[in-house]
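Chemist:
Number of protein chains: 2
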Amino acid sequence: MELEISPLAKPFPDMPQIAGVTLRVARAGYKDWGRCDLTYAELAEGTVVAGVFTKNVCCSSEVELGREQAKAGKARALIVNAGNSNAFTGYRGREAVEQIMGQVAAHLGCAPSEVFVSSTGVIGVPLPKDKARAGVEAVLDAEPCSWEDAARTISTTDTFPKGAMTQAMIGGKTVTLAAIIKGSGMIAPDMATMLGYIFTDAAVSPAFLQQALSAANLRTFSCITVDSDTSTSDTVLAFATAKAGNDPLTGEDSPGADAFTAALLDICRQLSHLVVRDGEGAQKFITVDVTGAVSDESARKIGLAIANSPLIKTAIAGEDANWGRVVMAVGKAGEPADRDRLSIGFGGVWAAKDGQPLADYNEAPVAEHLKGREIDISVDIGLGDGRATVWTCDLTHGYIAINADYRS
Amino acid sequence: MELEISPLAKPFPDMPQIAGVTLRVARAGYKDWGRCDLTYAELAEGTVVAGVFTKNVCCSSEVELGREQAKAGKARALIVNAGNSNAFTGYRGREAVEQIMGQVAAHLGCAPSEVFVSSTGVIGVPLPKDKARAGVEAVLDAEPCSWEDAARTISTTDTFPKGAMTQAMIGGKTVTLAAIIKGSGMIAPDMATMLGYIFTDAAVSPAFLQQALSAANLRTFSCITVDSDTSTSDTVLAFATAKAGNDPLTGEDSPGADAFTAALLDICRQLSHLVVRDGEGAQKFITVDVTGAVSDESARKIGLAIANSPLIKTAIAGEDANWGRVVMAVGKAGEPADRDRLSIGFGGVWAAKDGQPLADYNEAPVAEHLKGREIDISVDIGLGDGRATVWTCDLTHGYIAINADYRS
Chain A
-6 MELEISPLAK PFPDMPQIAG VTLRVARAGY KDWGRCDLTY AELAEGTVVA GVFTKNVCCS
54 SEVELGREQA KAGKARALIV NAGNSNAFTG YRGREAVEQI MGQVAAHLGC APSEVFVSST
114 GVIGVPLPKD KARAGVEAVL DAEPCSWEDA ARTISTTDTF PKGAMTQAMI GGKTVTLAAI
174 IKGSGMIAPD MATMLGYIFT DAAVSPAFLQ QALSAANLRT FSCITVDSDT STSDTVLAFA
234 TAKAGNDPLT GEDSPGADAF TAALLDICRQ LSHLVVRDGE GAQKFITVDV TGAVSDESAR
294 KIGLAIANSP LIKTAIAGED ANWGRVVMAV GKAGEPADRD RLSIGFGGVW AAKDGQPLAD
354 YNEAPVAEHL KGREIDISVD IGLGDGRATV WTCDLTHGYI AINADYRS
Chain B
-6 MELEISPLAK PFPDMPQIAG VTLRVARAGY KDWGRCDLTY AELAEGTVVA GVFTKNVCCS
54 SEVELGREQA KAGKARALIV NAGNSNAFTG YRGREAVEQI MGQVAAHLGC APSEVFVSST
114 GVIGVPLPKD KARAGVEAVL DAEPCSWEDA ARTISTTDTF PKGAMTQAMI GGKTVTLAAI
174 IKGSGMIAPD MATMLGYIFT DAAVSPAFLQ QALSAANLRT FSCITVDSDT STSDTVLAFA
234 TAKAGNDPLT GEDSPGADAF TAALLDICRQ LSHLVVRDGE GAQKFITVDV TGAVSDESAR
294 KIGLAIANSP LIKTAIAGED ANWGRVVMAV GKAGEPADRD RLSIGFGGVW AAKDGQPLAD
354 YNEAPVAEHL KGREIDISVD IGLGDGRATV WTCDLTHGYI AINADYRS
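Chains as they are written, first to last, in our numbering: chain A, -6 to 401; chain B, -6 to 401.
1) Here's the rule: buried if 16 or more other CB atoms are within 10 angstroms of the residue's CB, otherwise exposed. What is D387(B)?
2) Quick one: residues in its chain with C-beta nearer than 6 Å to the C-beta of D313(B), no 5 flanking neighbours on either side, listed in chain order?
3) Between V168(B) and T193(B), how many whole angstroms is the CB-CB distance? I'm expecting something under 8 Å.
4) Pull up the CB-CB distance for V118(A) and T150(A), whole angstroms please, since I reckon it's below 8 Å.
5) Examine chain B for any beta-carbon lying closer than 7 Å to the beta-carbon of T150(A), and answer yes or no.
6) According to DSSP, F46(B) sits in a beta bridge with which residue or residues?
7) Starting from V118(A), follow the beta strand (DSSP E) in both directions and report where the run begins and ends.
8) What residues in the stretch 213 to 237 of chain A bring their beta carbon closer than 8 Å to a beta carbon of chain B?
9) Are any of the Cβ atoms in chain B nearer than 7 Å to that of G348(A)?
10) Count the other CB atoms within 10 Å of the CB of A171(B); is the residue buried (16 or more) or exposed (fewer)?
11) Do you know offhand how far E130(A)'s Cα is from F214(B)'s?
12) So, with DSSP's three-state summary, where would you put Q276(B)?
13) Would you list, in chain order, the members of the stretch 108 to 130 of chain A that have their beta-carbon closer than 7 Å to a beta-carbon of chain B?
14) For the stretch 382 to 397 of chain A and the stretch 263 to 279 of chain A, state whether three or more C-beta atom pairs, one from each stretch, are separated by less than 8 Å.
15) Would you be able to state if there are at least three C-beta pairs under 8 Å between the stretch 325 to 335 of chain B and the stretch 239 to 257 of chain B?
16) Short check: CB of L230(B) to CB of V132(B), under 7 Å?
17) For the beta strand (DSSP E) containing A70(A), list its first residue and its last residue.
18) Chain A beta carbons: is any one of them nearer than 7 Å to that of M187(B)?
19) Could you compute how far the alpha carbon of A99(B) sits from the alpha carbon of R69(B)?
20) With a threshold of 8 Å on Cβ separation, who are the neighbours of P137(B) within its own chain once the five nearest residues in sequence on each side are excluded?
21) Compute the Euclidean distance between the alpha carbons of Y23(A) and Q203(B), then round it to the nearest angstrom.
22) Keeping to the same chain, check which residues put their C-beta closer than 7 Å to that of L451(A); ignore five residues upstream and five downstream.
23) Over the uninterrupted alpha helix (DSSP H) stretch that includes S291(B), give me the two end residues.
24) Can you pull the chain A neighbours of D333(B), defined as C-beta to C-beta under 8 Å?
25) Is C51(A) close to chain B, meaning its C-beta is less than 7 Å from at least one C-beta of that chain?
26) Cβ of H266(B) less than 7 Å from any chain A Cβ?
27) Closest by CA to T234(A), which one among K67(A), S221(A), T307(A), A125(A)?
28) Using three-state DSSP, classify K67(A) as helix, strand or coil.
29) Using beta carbons (cut-off 7 Å, strictly below), is S177(A) in contact with chain B?
30) For the beta strand (DSSP E) containing I370(B), name the first residue and the last one.
31) Residues in the stretch 310 to 334 of chain A with C-beta within 9 Å of chain B's C-beta atoms, listed in sequence order?
32) Quick one, are the C-beta atoms of N77(A) and V115(A) less than 7 Å apart?
33) Would you mind listing the alpha helix (DSSP H) stretches within the stretch 117 to 196 of chain B that are 4+ residues and don't spill past its ends, in chain order?
34) Would you identify the three-state DSSP class for D387(B), choosing helix, strand or coil?
35) Taking the alpha-carbon positions, what's the G391(A) to A394(B) distance?
36) For a contact meaning CB atoms closer than 7 Å, what does H390(A) contact in chain B?
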């Protein structure tokens, strides 16, 4: 099945090199395909790392190991396998990951725990050790490649390569953040899933990098959904090489910490939106703004209830401003809400206020808004100051075609 | 849009009259259609009632009022409006319900609180009081009708009328339970939703009827899902006319109480399955059996995580025994699970055991099973004795067509 490029795709941006990061790709042949499927990022000595991982309790060995490795905060290399998720493969899967870690560590002269491994692709098939060994050998010898090559190589069912960059000033020094991500659906076919990697030349302590990444995750990757399914492999890692020459950031009070956390939040938001833009079958990018909830977390849960509702996502696909379905989703979220204080709007036009349809509701601009690619849904709960923004895509025949019509 | 009859439909059963229950239908004209859309059940003096209602906090006035009325335990009449859900209509919607209650109460000489009202159909439009008044007047004058007529009249987007009956012996007396239900999706277009009505001639106290109905609900209506969306109007009422002549059932220790609760559970299970069989776009009826969970409630939550997963439902639509997606759903359920103890099977054949694909897994009988209309998924968590069964349907192009391709 040849997938068409998402109509919501963004062109791959110009992205600068990050000092201390070298990218290479090779072909391990995890599937019967001609493309490269093994990505390697070599990281300068002194690189620190932070990570956020899936909460799925049936996670892969890669996630189990990576979660422990990230706690130690040190990284020298990243390997990403595409075409085999190595999930649900028991001890044999774990052995394959440990083999890769050892092989790269021996090459670099570092500890195996400083080598991070991710895999996505078919499940239930242990990552073949012989192909992994030959692939790693080849990638260690390969020429450096571009961000776009790396973004293409980590992809599986993605319809376009995904990258983002941003910069921040820290005490007169410019630090740069560059990132690639893959994913099209919380889980795409064959457990193809969300993997994101952020690289920066900033000098930052592992603890503060983890704090900033966790905070950004809560407002970005944790606020997107394609189909409500939670992958067994989701991973986002941030690597900081400390090559920019800034005074190291060690906490919120370090000069420039605000600029760095803002830049990290920005790049995480860019990445998370790119995943939604490649959501399976997506034709529209939907932003759900929830205000007036009893807390920000309550607003996020209400937003996700709306963004996960098949009835709302199909209504948007049908360009139907069906605010009744939004009422339903607010009510089922399990969060405080009062039907008679609820207001709902599309594209900046309120359709219902205080629990009743507006008498002078003008549907024409709303109908026009819904014909576009970028759809805004606003919900005011009318109870407090809690707010959140959540992003999703519509639910279309394309989703069914990708997931049902073709055998995986 | 003319909907085809679900391929999973069941013929309407032969159903006996229930002493103390008289059904009538009429046309209120809530929509521009020729069919009857107002159903009336007159209940003998002394009829007791119990109810279970949607947990959606944005529920309709009908649900708010019905929940209070059911607590008092007495009923003389039921009115069901089709074509207008009267949800999200503020005080005007509530006035329309109170008008109907008063009109029927005046006719019967009972308290308005003994008249139960349900409505389904378009939302955000207050139930028109004039049409309701004329419709109620007509229905009170109408000839008695059959169960099938009543089942058709309460329907909205249902593709077939739904009824069920069963009997039980209580101290040498036969008691009969007959029921009708409507619904095709937790919410169908325009908030068409699940409404179920059970009538029995058994003599049973309101408290015990409520206890038995709540217990049955937990194992039937609370164990089905079509699309994970939760209606604002879901209602199941049980009416008992005490005409069978049995010694009244007042608690679990009453002679015959076991037989009655078993019969009530049986009829609730029949009704709940009929709703799934009319799930929007459904082509396959899916039974998910979860065993080995840490508790029955944990098993139910895991079962619902599986039954609500779009990726599993599309895989079944595609006749794909994608057990990896089942692993994913178990892991995201938020319940105790251990990847390395998990076993998954289809149609009685295990595909994976103890966290790994079976070496001698024979896919041929599984592939054959998945071609059928009735699909069984078995999941053993391997941790305890908790078990539950959950029912759902597959997710197909039909669902998208019903909910996105046509404006509501």
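All C-beta atoms in this analysis are idealised placements derived from N, C-alpha and C, irrespective of residue type, glycine included.
Modeler: The answer reads as follows:
1) buried
2) none
3) Taking 8 Å as the upper bound for CB-CB distance, V168(B) and T193(B) are in contact here, some 6 Å apart.
4) The beta carbons of V118(A) and T150(A) sit about 17 Å from each other, so the pair does not count as a contact at 8 Å.
5) It does not; no Cβ of chain B falls within 7 Å.
6) T228(B)
7) No beta strand (DSSP E) holds V118(A); DSSP gives it neither H nor E.
8) Within the stretch 213 to 237 of chain A, the qualifying residues are D220, S221, D222, T223, S224, T225.
9) yes
10) buried
11) 57 Å
12) In the three-state reduction of the DSSP assignment, Q276(B) falls in the coil class.
13) I116, G117
14) Short answer: they touch.
15) no
16) No Cβ-Cβ contact shorter than 7 Å links L230(B) with V132(B).
17) 70 to 77
18) no
19) When rounded, the distance between both Cα atoms is 12 Å.
20) Taken in chain order, the residues that qualify are T15, L16, R17.
21) 58 Å
22) Here chain A covers residues -6 to 401 and nothing more, so residue 451(A) does not appear.
23) 289 to 300
24) Within 8 Å Cβ-Cβ: G83.
25) yes
26) no
27) K67(A)
28) In this structure, K67(A) counts as strand in the three-state DSSP scheme.
29) no
30) 367 to 373
31) A310, G311, E312, D313, N315, W316, G317, R318, V320, M321, A322, V323, G324, K325, A326, G327, E328, P329, A330, D331, R332, D333
32) Closer than 7 Å, so yes.
33) 122 to 134, 140 to 147
34) coil
35) 12 Å
36) H390, I393
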